[in-house]
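Here the structure comes first, spelled out in structure tokens, and everything after it is commentary.
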Amino acid sequence: MKIISIITGFAIWLIFLTPAMAMDLQSFSGVKTTLQQQLNVGKWSVVVFWSHDCAICRQETPALNAFHRKHHKKDAQVLGISIDGAKNKAKAAQFIQQTAMAFPTFIGELVFLAADFYQLSGEAFRGTPTFLLFNPKGELMGMQAGPLRMEALEEFMANNRS
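The sequence shown begins at 70 in the working numbering and counts up one residue at a time.
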């Protein structure tokens, strides 16, 4: 019994030593990646956590699409992360199609995403939509649970240029 406790403790310890930027993701075509691999160093990265049944996410997508189209070739990108997991991958894919998502989007398992989110931000994951903002150096600059005004985002970016 003691050996099981030691192994369990070691596994938990390893989870907390794993860099949060190594947040495991998967493309909708099945390619494995991490958040760190997707951050575009040299550009701001707006990461939005969403789910297929989130009404606010559906309302926010057109503004996120417009922001991404306006900025992705010069100074910023949007990255989507569906928390729907493998069980609801088809529903998430349908959401992407229905909202004509214009930015790269990945999927992950909520239990792991929430643990990585906490390690990265020091905050509990509250739900969707949730936004993380990384500066061009890849440093976490801000977090927002709930709707995000693109004008406020652009103003923040302009006021925090390196």
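Idealized CB from N, CA, C, for every residue including glycine.
Where LEU217 sits in the DSSP three-state scheme: coil
Status (buried if at least 16 other CB within 10 Å, exposed otherwise) for SER225: It should be noted that the sequence gives Phe, not Ser, for residue 225. The residue in question, PHE225, is exposed, as its Cβ has fewer than 16 Cβ neighbours within 10 Å.
Cβ distance (whole Å) where ILE152 is taken to contact PHE118 below 8 Å: 6 Å
Extent of the continuous alpha helix (DSSP H) to which LYS139 belongs: Looking at the DSSP string, the run of the alpha helix (DSSP H) that includes LYS139 is 124-140.
Classification of LEU83 by the beta-carbon crowding that lies within 10 angstroms, buried from 16 upward: Summary for LEU83: the model assigns pLDDT 38, below 50, so the residue's position carries little reliability; its value from the coordinates is reported in the next sentence. When all chains shown are included, LEU83 counts as exposed.
Per-residue burial, ASP122 [other beta carbons within 10 Å of its own, 16 or more giving buried]: exposed
THR168, DSSP secondary structure in three states: helix
Spatial neighbours of ASN109 in its chain, beta-carbon cut-off 6 Å, leaving aside the 5 residues before and after: GLN146
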